[in-house]
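Peer 1:
Residue numbers (the working numbering): 12 to 178.
(1) Which class does residue 90 belong to by DSSP, given the choice of helix, strand or coil?
(2) Fully enclosed by the region 36 to 108, which beta strand (DSSP E) runs are 3 residues long or longer?
(3) Can you give me the start and stop residues for the alpha helix (DSSP H) that residue 148 sits inside?
(4) Give the DSSP-derived three-state secondary structure of residue 117 in the structure shown.
(5) Could you check if residue 91 is buried or exposed, using at least 16 other CB atoms within 10 Å of its CB as the buried criterion?
(6) Does residue 172 come out as helix, strand or coil in the three-state DSSP assignment?
(7) My guess is that residue 49 and residue 57 are in contact by the Cβ rule of under 8 Å, so how many angstroms apart are they, rounded?
(8) Does the region 126 to 141 touch the region 157 to 166, meaning 3 or more C-beta pairs lie closer than 8 Å?
(9) What would DSSP say about residue 167, mapped onto helix, strand or coil?
(10) Looking only at C-alpha atoms, which of 54, 129, 81 and 53 sits nearest to residue 64?
(11) Which same chain residues, not among the five before or five after residue 113, have their C-beta less than 7 Å away from its C-beta?
(12) Which residue wins for smallest C-alpha separation from residue 66, given the options 43, 110, 84 and 126?
(13) Using the C-alpha atoms, what's the distance from residue 177 back to residue 76?
In structure tokens form, the structure reads like this:
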């Protein structure tokens, strides 16, 4: 009986010691990205916010007003809300529509680099196919958001008198 009680005591002591060591051990992993928001099944990553913010700043240098990170985050959240609502309402875009837009956007990018794919690889560090697949996801989401916005506003008619009354 004494042996059994000593064994149980040692077992609980070992468990308590392992818990203490596990809690004090520094994390060994590295954080690659963070989820900053979740809308239905869609997530917004920190890297996505940062990338969109940098792109918006680049556009601001071309004469457009520079948005804040908060405004960029709000825009991404609205897009994710629209995509979630589009899934509920069964608003879809067809694959040929998306591929056509991808080709158009890619051709525009290629024209900026003089049609030389090697320059494109040097600048972006990605092949043409990798860029197309990245562009495809973004364009698909943009097209769904656009269709959802038009569906929401299709029956809305605003007269100048309504605008004056509102403001």
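Even glycine gets a Cβ: it sits at the ideal position worked out from N, Cα and C.
Peer 2: The structure says:
(1) helix
(2) 46 to 50 and 53 to 56
(3) 139 to 164
(4) helix
(5) buried
(6) helix
(7) Contact flag wrong, Cβ pair sits at about 13 Å.
(8) no
(9) coil
(10) 81
(11) 143, 146, 147 and 150
(12) 84
(13) 26 Å
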